[in-house]
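Trainee:
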Amino acid sequence: MPYFQSDGVSLYYESTGEGPPIIFICPPAMGGATFFEQQKQLKNHFQVITFDPRGNGKSSDGKTGDYTIYDWTEDVLALADHLKLEKVITCGYSMGGLPAQEFAISYPERTAGLILISSFSEVSTFSLSSKIKAGEMVGHSDLLELLAAGLSVSHTGLGSKKHKKKIFKSVNSSNSLLTKKLYRNGRHYRSTERLSSIQCPVALIYGNLDFLILPYQRLFEKRLAHPLSIKIKGVAHQVPTQSAYEVNSVIRSLKNTMAH
Numbered sequence: 001m002p003y004f005q006s007d008g009v010s011l012y013y014e015s016t017g018e019g020p021p022i023i024f025i026c027p028p029a030m031g032g033a034t035f036f037e038q039q040k041q042l043k044n045h046f047q048v049i050t051f052d053p054r055g056n057g058k059s060s061d062g063k064t065g066d067y068t069i070y071d072w073t074e075d076v077l078a079l080a081d082h083l084k085l086e087k088v089i090t091c092g093y094s095m096g097g098l099p100a101q102e103f104a105i106s107y108p109e110r111t112a113g114l115i116l117i118s119s120f121s122e123v124s125t126f127s128l129s130s131k132i133k134a135g136e137m138v139g140h141s142d143l144l145e146l147l148a149a150g151l152s153v154s155h156t157g158l159g160s161k162k163h164k165k166k167i168f169k170s171v172n173s174s175n176s177l178l179t180k181k182l183y184r185n186g187r188h189y190r191s192t193e194r195l196s197s198i199q200c201p202v203a204l205i206y207g208n209l210d211f212l213i214l215p216y217q218r219l220f221e222k223r224l225a226h227p228l229s230i231k232i233k234g235v236a237h238q239v240p241t242q243s244a245y246e247v248n249s250v251i252r253s254l255k256n257t258m259a260h
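Under the UniProt record's numbering, think of the first position of the sequence shown as 1, with each following residue one higher.
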């Protein structure tokens, strides 16, 4: 199985397809399994890269003292270095968008494009803060199975049983302490004032029913130079799984814009 090293931690990744490289970054605990449909549908157009963050899925825990958004970003850089990729597109979903945007801010020379799906640059609304705090509480080891069941069902609904099983297994095998700390650190992360420094093309993808996150789309639009904003109809937060076909069509349309 393919692994790479980041700060002495062994992390599992998958790479399939050929074309401009995209590193997909999942929310806490969900792992690379989140992007099952992207791997299938985009591999003829891109080099599709996924990985399990520290303490998640097939990756090792490393030092369990903390796991910050900046550590997560360094893991993305280590993966790009391991694959000898000069530039990558980072695509982050939900809280996975935090290391995606941090990578674009910190390593502009390595970033070909930034795609943010249902994401945010800070947590400044009561509704989003409460949602993340709930994840922190459920992140306790004795409630991890409940979190796994909730995330796998909410993301796949009546869809693929295989995909549901993959997400459940990934969440249920996570290190509960690291999951809790990643939720907490994500809740306190803020890149808003630095967004204007992003130089690469940016695409913002949201569900038109995602009332939890839509206020943050407007925040991005105020700070970024010329972002492409796309709303997917009929879906709330779980855009890459519940509206995979539509999201993948959008990503394919970005190929020429973000190819380096």
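Using N, Cα and C, we set each Cβ at its ideal position, and we do this for glycine too.
1. Quick check on residue 266: buried or exposed, where buried means 16 or more other Cβ atoms within 10 Å of its Cβ?
2. Using DSSP with H/G/I as helix, E/B as strand and the rest coil, what is A78?
3. Please give the ranges of any alpha helix (DSSP H) in the region 225-259, keeping only runs that are unbroken, at least 4 residues long and fully inside the region.
4. Which residue marks the beginning of the alpha helix (DSSP H) containing E183, and which one marks its end?
5. Would you kindly check if the distance between the Cβ of G113 and the Cβ of A100 is under 8 Å?
6. In angstroms with no decimal places, state the Cα-to-Cα distance between T111 and V9.
7. Please classify P2 as buried or exposed, where buried requires at least 16 other C-beta atoms within 10 Å of its C-beta.
8. Quick one: give me the first and last residue of the alpha helix (DSSP H) that F220 is part of.
9. Starting from P99, follow the alpha helix (DSSP H) in both directions and report where the run begins and ends.
10. Helix, strand or coil for Y67 per DSSP?
11. Would you give the residue range spanned by the beta strand (DSSP E) that L116 belongs to?
Mentor: In short:
1. Nothing about residue 266 can be reported from this structure: the residues present for the chain run from 1 to 260 only.
2. helix
3. 239-242, 244-253 and 255-258
4. Note on identity: in this sequence residue 183 is Tyr, with Glu being the wrong assignment. Residues S176 to H188.
5. no
6. 23 Å
7. exposed
8. L214 to R223
9. G97 to S106
10. coil
11. Boundaries of the beta strand (DSSP E) harbouring L116: T111 to I117, taken from the DSSP string.
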